[in-house]
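The next block holds one structure in the form of structure tokens; read it before the comments.
2 protein chains.
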Amino acid sequence: MDQNKRKRVVIIGAGFGGLWVARELSGSDYDVIIIDKNNYHTFLPLLYQVSAAEIEPEQIASPVRFIVRNFANVRFIRGQVGEIRYRDKVVICLGQQIAFDYLVIATGSVNNDFNIPGVLQYSFPLKTLDDGMILRNHILTCFERASFVDDNKQRKRLLTVVIVGGGPTGVEFAGALAELISGPLKKDFPELGNEAITIYLIEAGENLVGMYGGVLSEYTKFQLEKKGVKVLLNSAVSKMDKTGVYLKDGTIIETETVVWTAGVKGQLVKNDLNADILPNGRITVDEYCKVPGYDDVFIIGDLANFLHNGKPLPMIAPVAIQQGKYVGTLLKAIQKGKRIKQFKYIDKGGMVAIGRNKAITQIAGLKLKGYIAWIIWIFIHILYLIGFKNKLFVMINWIWSYIFFEKSVRLILPRCCDNPNGDACLQRGRICKE
Amino acid sequence: MDQNKRKRVVIIGAGFGGLWVARELSGSDYDVIIIDKNNYHTFLPLLYQVSAAEIEPEQIASPVRFIVRNFANVRFIRGQVGEIRYRDKVVICLGQQIAFDYLVIATGSVNNDFNIPGVLQYSFPLKTLDDGMILRNHILTCFERASFVDDNKQRKRLLTVVIVGGGPTGVEFAGALAELISGPLKKDFPELGNEAITIYLIEAGENLVGMYGGVLSEYTKFQLEKKGVKVLLNSAVSKMDKTGVYLKDGTIIETETVVWTAGVKGQLVKNDLNADILPNGRITVDEYCKVPGYDDVFIIGDLANFLHNGKPLPMIAPVAIQQGKYVGTLLKAIQKGKRIKQFKYIDKGGMVAIGRNKAITQIAGLKLKGYIAWIIWIFIHILYLIGFKNKLFVMINWIWSYIFFEKSVRLILPRCCDNPNGDACLQRGRICKE
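Taken in sequence, the protein lines are chains A and B. Position 298 (the first sequence) corresponds to 298 in my numbering; numbering is contiguous. Position in the second sequence counted from 1, then plus 434, gives you my numbering.
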């Protein structure tokens with residue numbers, strides 16, 4: 001009856017956090033079940049390149065079963081967890097009860113609209129592979145429509161893209177989009193001539209990529225403006241509707257394309273845990289990534305509010321990866337009756353690409369910008385991308401677009417909410433999913 | 435006013451036929467408009483490999499604007515043609531009237547259900563890139579669900595795939611699917627163990643790939659059976675419902691996955707032409723690919739019923755390509771006041787892959803089977819695939835799967851009709867598009 005003695009770890013979410021727990025526990029004496037609503041892990045740091053038609057969606061996705069295939073003690077379930085019932089020590093998934101001894105919640109985050117009216121209905125998020133493809137479809141469709149309409153005002157609306165949020169995602173997407181438009185799309189749509197295509201990047205704060213500050217922020221702004229991006233700082237959005245974006249200072253930008261990268265909030269599953277949920281949806285965990293009061297429930301990644309020197313850790317991949325590894329190690333230590341130190345985050349720095357040859361990085365306190373930073377950015381992203389073939393294909397795509405000023409395949413793949421004679425998606429691609 | 439003297443050719447459809455007309459007319463004194471509801475051309479001969487997760491959808495698609503970019507006199511419109519009004523010499527597209535002097539109709543074909551009840555509702559077509567992705571999603575979802583259900587009967591239903599139609603598409607898909615399942619999926623789903631996964635290939639006639647006949651048909655059947663495919667000859671489908679497939683001999687095969695490759699019919703746009711439409715949807719054209727009675731309307735490809743030695747030409751890519759080139763040449767000759775000979779089809783033979791190392795080909799009367807035929811199949815398909823990067827990526831994928839017995843990325847990409855906790859698509863992925 002050795003089988004019955006094996007404790008079971010259930011991990012919800014196959015993002016960076018969940019996957020690294022599973023990896024760490026492979027070959028251990030636990031039975032591990034990892035649950036995700038998708039059958040693949042998404043390498044989110046490159047998602048913006050999918051929307052900018054730089055790489056193909058398949059290239060940043062890796063099937064979970066492929067990743068855990070050689071871990072004999074790890075099983076995958078594709079399904080959405082409906083509920084966590086701690087009192088019964090089960091999660092409800094696909095109508096069944098899945099028992100756990102230890103639970104790791106690594107469900108990540110969703111867009112935070114900060115209750116600004118219209119954001120959910122009228123903007124495009126950039127949080128999932130599907131979001132990435134819907135946005136690509138939409139932008140290309142706007143260009144197709146613009147090439148056919150006679151009304152100048154309508155054409156201008158179609159050729160205006162507003163990106164809200166001057167953090168890394170907003171900056172990277174703005175840079176990539178500016179290059180997509182000034183390069184391949186200009187060649188693809190000669191009929192648009194010197195038509196005013198406008199990309200706005202709107203940031204509520206004083207700086208782009210504020211976490212880097214000073215020289216790097218200014219460099220980022222300078223480079224984006226050189227590419228033609230209109231950067232509006234200290235500009236907050238007051239509402240959105242089908243006309244476009246309304247700023248607090250009264251400005252109205254008419255557009256069909258608003259991309260929302262202004263912030264995220266924790267995404268929690270319905271549960272009977274007695275945990276405090278912060279206004280940003282995160283749950284404060286203790287120094288072992290445990291939910292206070294529970295010895296068998298861990299939260300890691302974007303959902304976890306882990307206080308580091310009194311400040312919450314940022315919602316970025318390296319935190320999730322380090323916490324995932326840590327919880328895996330901790331669980332193994334528990335089994336062996338060993339004690340383990342509390343979780344310690346090692347800040348390895350960060351980096352943001354601004355397009356061709358340009359990036360900013362901050363590594364071990366060293367601030368770099370320009371070409372060298374860009375090479376480091378490429379190297380790190382290829383290194384962490386899962387799957388050798390994905391690495392290879394992404395590299396080929398990048399080299400290709402570098403040499404030929406060309407982007408990957410610019411396809412508008414049909415979706416059931418599409419209408420080839422009208423809007424890409426009347427519901428902006430999202431509502432019909434729910 | 436030279437501009438006004440240029441005659442305009444409108445081409446409906448950017449498949450093999452339409453695209454080759456546009457290519458032939460590039461640089462001519464015509465203004466050419468090519469219209470398609472998709473912004474890309476699909477290399478349909480490899481579509482079955484998308485469904486079998488062998489290659490990625492992007493790799494068999496090429497943006498029309500990319501293809502015609504260097505043809506100064508060719509313009510692309512993405513939209514669905516609602517109607518052809520010959521009396522006004524216009525086509526209606528996106529709510530506007532597009533005038534033509536010459537019209538080329540190259541809309542291809544759609545699935546033919548032969549009025550068998552349930553085919554439209556309960557089977558998966560394999561005619562468009564979207565069809566290919568929906569079928570891939572569905573098959574992978576069936577495996578995910580099978581790995582989780584306890585009911586044996588339900589699991590067996592989920593793991594049974596029925597392919598109807600023993601022509602080239604049915605055979606190629608059956609072979610590729612058998613390899614996907616026996617290779618990567620077996621490794622991905624260890625929990626399914628030695629579960630009976632069954633692939634049926636159902637053909638109403640006496641032979642698989644009947645057009646090749648004799649030795650090649652028998653070889654094809656032998657090779658598919660060796661891969662575990664259950665081939666049922668002389669078996670006609672009487673109806674389908676949500677249970678599965680009903681054969682005329684009373685057999686019922688329970689399944690959630692029926693793939694319909696049993697035949698196509700011409701796809702025509704609403705029009706006021708006085709043309710005879712055959713029961714299979716095709717329109718008989720004269721020896722110049724013209725609609726009888728009209729000097730300025732051409733039909734090419736699958737939609738055209740061109741009689742060659744008294745028999746209609748088959749609905750295959752080489753016919754469309756040759757007719758496209760021919761009509762382009764003819765139009766240029768008209769402009770120069772030259773006469774041109776009638777269209778003559780050159781039968782270059784055909785080929786069908788049966789999976790790893792195995793194919794049949796018939797070239798210039800020479801029948802080949804096995805490894806050499808397979809190498810020829812690979813060479814020809816890479817040669818005709820549009821776009822160098824597509825050629826490269828497809829080759830890498832093929833070499834990869836050849837060496838590692840691995841298939842490309844096995845992703846279930848979400849669609850709005852998906853429900854991660856239930857059916858891949860309750861409507862079998864199609865109805866919600868309409």
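Just so it is clear, CB atoms sit at the ideal spot from N, CA and C, and this is done for glycine as well.
Taking DSSP as the reference, what is the three-state secondary structure of residue i?
i              : result
residue 122(A) : helix
residue 314(A) : coil
residue 168(A) : helix
residue 435(A) : A query on residue 435(A) cannot be resolved here, the shown segment of chain A reaching from 1 to 434 and no further.
residue 812(B) : helix
residue 846(B) : coil
residue 780(B) : coil
residue 267(A) : coil
residue 279(A) : coil
residue 220(A) : helix
residue 819(B) : coil
residue 798(B) : coil
residue 73(A)  : coil
residue 429(A) : Low local confidence applies: a pLDDT of 33 at residue 429(A) is under 50, so the model's placement there is unreliable, with the coordinate-based value given in what follows. Residue 429(A): coil per DSSP, three-state reduction.
residue 102(A) : strand
residue 148(A) : coil
residue 727(B) : coil
residue 419(A) : Legend: pLDDT at residue 419(A) = 45, less than 50; position of this residue unreliable, value from coordinates given subsequently. Coil at residue 419(A), not helix or strand.
residue 836(B) : helix
residue 26(A)  : coil
residue 235(A) : coil
If the cut is a Cβ gap below 7 Å, which residues of chain B does residue i touch?
i              : result
residue 151(A) : Per Cβ cutoff of 7 Å: no residues; residue 151(A) is ~12 Å from chain B at best.
residue 40(A)  : 845
For residue i, which of the options has the nearest alpha-carbon?
i              : options                           : result
residue 551(B) : 744(B), 751(B) and 679(B)         : 679(B)
residue 304(A) : 185(A), 18(A) and 217(A)          : 18(A)
residue 60(A)  : 71(A), 5(A) and 46(A)             : 46(A)
residue 820(B) : 726(B), 575(B) and 502(B)         : 502(B)
residue 224(A) : 261(A), 176(A) and 271(A)         : 176(A)
residue 598(B) : 643(B), 504(B) and 572(B)         : 643(B)
residue 100(A) : 191(A), 86(A) and 182(A)          : 86(A)
residue 824(B) : 397(A), 44(A), 320(A) and 317(A)  : 397(A)
residue 367(A) : 383(A), 349(A) and 356(A)         : 349(A)
residue 795(B) : 813(B), 515(B) and 829(B)         : 813(B)
residue 699(B) : 827(B), 639(B) and 716(B)         : 716(B)
residue 624(B) : 71(A), 96(A) and 57(A)            : 71(A)
residue 742(B) : 780(B), 712(B), 673(B) and 705(B) : 780(B)
residue 690(B) : 587(B), 474(B) and 805(B)         : 587(B)
residue 382(A) : 243(A), 250(A) and 55(A)          : 55(A)
Cβ closer than 8 Å: which chain B residues qualify as neighbours of residue i?
i              : result
residue 225(A) : Going along chain B, no residue has its Cβ under 8 Å from residue 225(A), so there is no contact; the nearest lies around 29 Å.
Hey, residue i and residue j are a contact pair by Cβ (cut 8 Å); roughly how many whole angstroms apart?
i              : j              : result
residue 201(A) : residue 174(A) : 5 Å
residue 662(B) : residue 633(B) : 7 Å
residue 207(A) : residue 233(A) : 7 Å
residue 745(B) : residue 650(B) : Their Cβ separation, rounded to whole angstroms, is 20 Å, which puts residue 745(B) and residue 650(B) out of contact at 8 Å.
Once you ignore the five residues that flank residue i on each side, which residues in its own chain have a CB closer than 7 Å to its CB?
i              : result
residue 381(B) : What the structure shows of chain B is the stretch from 435 to 868, and residue 381(B) is not part of that stretch, so it cannot be assessed.
residue 285(A) : 291, 299, 304, 305 and 306
residue 470(B) : 447, 448, 498 and 512
residue 172(A) : 48, 352 and 353
Please go through the same chain and pick out, in chain order, the residues whose beta-carbon is closer than 6 Å to the beta-carbon of residue i, but skip the five residues on each side of it.
i              : result
residue 565(B) : 559
residue 867(B) : Its pLDDT being 31, under 50, residue 867(B) is placed unreliably by the model, and the measurement read from it follows with that caveat. Within the same chain, residue 867(B) has no close Cβ partners at all.
residue 183(A) : 405
residue 325(A) : 20 and 24
residue 204(A) : 236
residue 221(A) : 208 and 231
residue 162(A) : 200, 245, 253, 255 and 258
Please list, in chain order, the chain A residues whose beta carbon lies closer than 8 Å to that of residue i.
i              : result
residue 827(B) : 393 and 396
residue 574(B) : 39
Using a Cβ-Cβ cutoff of less than 8 Å, which residues in the same chain neighbour residue i once the five nearest sequence positions on both sides are dropped?
i              : result
residue 773(B) : 767
residue 335(A) : 7, 28, 29 and 30
residue 694(B) : 545, 547, 553, 557, 558, 559, 560, 598 and 599
residue 683(B) : 669
Under 9 Å between beta-carbons, which chain A residues line up against residue i? List them in chain order, please.
i              : result
residue 511(B) : 144, 147 and 148
residue 486(B) : Residues of chain A passing the Cβ test: none, with the nearest at roughly 14 Å.
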